[in-house]
Every structure is written in structure tokens, then in C-alpha cells.
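Quick note on our numbering: the sequence shown kicks off at 66 and runs consecutively. Glycine included, C-beta positions come from ideal geometry on N, C-alpha and C. Remember, it's a predicted structure, so these values are computed and weren't measured experimentally. Below: one structure, written as C-alpha cells.
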Amino acid sequence: MVQNPVSRGPVTRFIRWLGLDRNPLRRRSDRVEAAIRLMSVIGVLASVVVGVLLGVRTYRHGLVLEVEQQRTRHRVDATLLETAGPKISLSAPAAGPAMATWKSLNGVPHQGLIDAPAMWQKGQTVHVWIDNRGQIVPRPRDRETTLISGMTVGVGIPLFALALISLLLLTTRMLTARRARQAWAAEWTVIEPTWRING
Numbered sequence: 066m067v068q069n070p071v072s073r074g075p076v077t078r079f080i081r082w083l084g085l086d087r088n089p090l091r092r093r094s095d096r097v098e099a100a101i102r103l104m105s106v107i108g109v110l111a112s113v114v115v116g117v118l119l120g121v122r123t124y125r126h127g128l129v130l131e132v133e134q135q136r137t138r139h140r141v142d143a144t145l146l147e148t149a150g151p152k153i154s155l156s157a158p159a160a161g162p163a164m165a166t167w168k169s170l171n172g173v174p175h176q177g178l179i180d181a182p183a184m185w186q187k188g189q190t191v192h193v194w195i196d197n198r199g200q201i202v203p204r205p206r207d208r209e210t211t212l213i214s215g216m217t218v219g220v221g222i223p224l225f226a227l228a229l230i231s232l233l234l235l236t237t238r239m240l241t242a243r244r245a246r247q248a249w250a251a252e253w254t255v256i257e258p259t260w261r262i263n264g
């Protein structure tokens with residue numbers, strides 16, 4: 066009878082790799098290693114599900130932050146009270162702290178440090194973002210940031226789990242291989258004298 070080629074395909078090899086083929090010749094160490102492989106595959110699949118769920122949750126939370134920050138943060142003009150520091154090298158930031166004054170939405174003046182383009186002169190205006198109290202805040206969250214945050218969580222969790230599981234599999238493989246060598250050496254010390262006599 067011709068053997069089905071599918072039985073020698075990747076699915077069958079994967080089943081054997083997981084130790085689900087009920088091979089009677091497997092040693093105890095082989096069964097332990099196969100069990101760890103099976104749990105590792107389940108762990109990776111679970112991490113994908115968790116990553117997707119948390120990624121979607123992070124994205125939705127980001128959408129809420131977008132709406133809230135767009136509603137509570139406002140762009141106003143701040144007037145520099147001093148010249149912004151020079152950009153001394155290519156690696157230096159293009160903006161630096163400088164004293165400036167601005168007004169809140171109700172007209173109350175405020176003064177403090179803001180990030181201003183390098184070498185901007187006293188009296189020039191810079192766009193800044195303020196909250197409802199007139200305090201300087203970061204610019205509102207945009208959709209790109211929300212997408213990146215969601216994708217980072219959604220992809221990062223499975224990748225992190227995969228790295229840990231790969232390390233676990235590698236460590237398990239090294240330990241089982243060492244124990245197998247030790248067992249073989251112990252068996253050989255028993256068999257070698259008999260083998261020499263029979264030889």
C-alpha cells in the first residue's frame with residue numbers, strides 16, 4: 066500500500082514536534098520537552114489574543130484622549146521675552162527654553178518658559194498649547210500617536226512572549242541534551258565491560 070504523502074507533510078511533523086503522535090519510543094526527557102513545546106505554542110497563541118485585545122483597548126482609549134485633549138487644549142501665541150538660545154551643533158535640539166508671555170482664554174496673562182526655535186528674537190511669537198487654566202501643555206494627541214500606541218501594544222506583547230518562550234525552549238533543549246548525554250555515559254559504563262568480554 067502506498068503511504069499517503071500528507072502523512073509525511075508539515076502537519077504530521079508539527080504534530081510529532083509537539084509530541085502528539087504517541088510514539089512509544091519517546092524517552093521521558095523527550096516527553097517533557099514535547100510537553101513544554103505544546104505549552105509554548107499555546108502560550109504564543111494566547112499572547113496573540115491578549116495582544117489584540119489590549120491593542121484594541123489601547124487604541125480606543127487613545128481615541129477618547131484625542132477627543133478630550135482637542136476639547137481642553139487650545140493653541141495661542143506666546144511672545145518671547147528673550148532671544149532663544151543658539152543651536153551650537155547639528156546634534157543640538159532645534160528648540161530650547163526661553164521666557165515668554167501669553168494669555169489664557171479669559172485674557173489672564175501668564176509668563177514662563179516655553180520651547181522656542183533656536184535664535185528666535187525677543188518679541189517674536191511662538192505657537193503654544195495651553196489648558197483651560199492657561200498652563201502650558203503638550204499639543205493634543207493625534208491619530209498617528211493613537212495608532213502607534215495601539216499597534217505597539219498589540220504587536221509588542223506577542224513578540225515579547227515569543228522571545229521568552231524561545232529562550233525557554235532553547236534552555237529546555239540544552240538541559241535535556243545534557244541529561245541525555247549523562248544517561249548515555251552512565252549506560253555505557255555498565256555496558257562497556259560486558260561488550261569487551263563478549264568482544
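Considering residue i, what are the terminal residues of the beta strand (DSSP E) in which it resides?
| i | result |
| --- | --- |
| P203 | Careful: P203 lies outside any beta strand (DSSP E) and carries neither H nor E. |
| W185 | Note, W185: premise wrong, no beta strand (DSSP E); not H, not E. |
Residues in the same chain with beta-carbon distance under 6 angstroms from residue i, minus the five sequence neighbours each way, listed in chain order, please.
| i | result |
| --- | --- |
| P223 | S112, V113, G116 |
| Q176 | T166 |
| V220 | none |
From the options, pick the residue whose C-alpha is nearest to that of residue i; which is it?
| i | options | result |
| --- | --- | --- |
| K168 | L119, A181, N197, W185 | N197 |
| R136 | T148, L170, G161, A226 | L170 |
| V106 | P75, S231, A183, R246 | S231 |
| G215 | V121, T254, A226 | V121 |
| R206 | G127, G221, I195 | G127 |
| G172 | L118, L178, I195 | I195 |
| Q186 | G74, T144, F225, T210 | T144 |
| T183 | A242, R246, E147 | Residue 183 is actually Ala in this sequence, not Thr. Checked all of A242, R246, E147; the closest Cα to A183 is E147. |
| L212 | E131, P203, G74 | E131 |
| Q189 | A149, A226, A242, T217 | A149 |
Residue i by DSSP, collapsed to three states: which one?
| i | result |
| --- | --- |
| L178 | strand |
| G74 | coil |
| A242 | helix |
| V218 | helix |
Does the beta carbon of residue i fall short of 7 angstroms from some heavy atom of the ligand FAD?
| i | result |
| --- | --- |
| G219 | Annotation note on the ligand FAD: not contained in the displayed structure, which lists no ligands. |
For residue i, which residues in the same chain have their Cβ closer than 8 angstroms to its Cβ, ignoring the five residues on either side in sequence?
| i | result |
| --- | --- |
| S154 | Its pLDDT being 46, under 50, S154 is placed unreliably by the model, and the measurement read from it follows with that caveat. No residues qualify anywhere along the chain. |
| P174 | T166, W167, K168 |
Leaving out five residues before and five after residue i in sequence, what residues of the same chain have Cβ atoms less than 7 angstroms from its Cβ?
| i | result |
| --- | --- |
| P203 | W194 |
What are the complete beta strand (DSSP E) segments, minimum 3 residues, inside the stretch 91-149? 139-145
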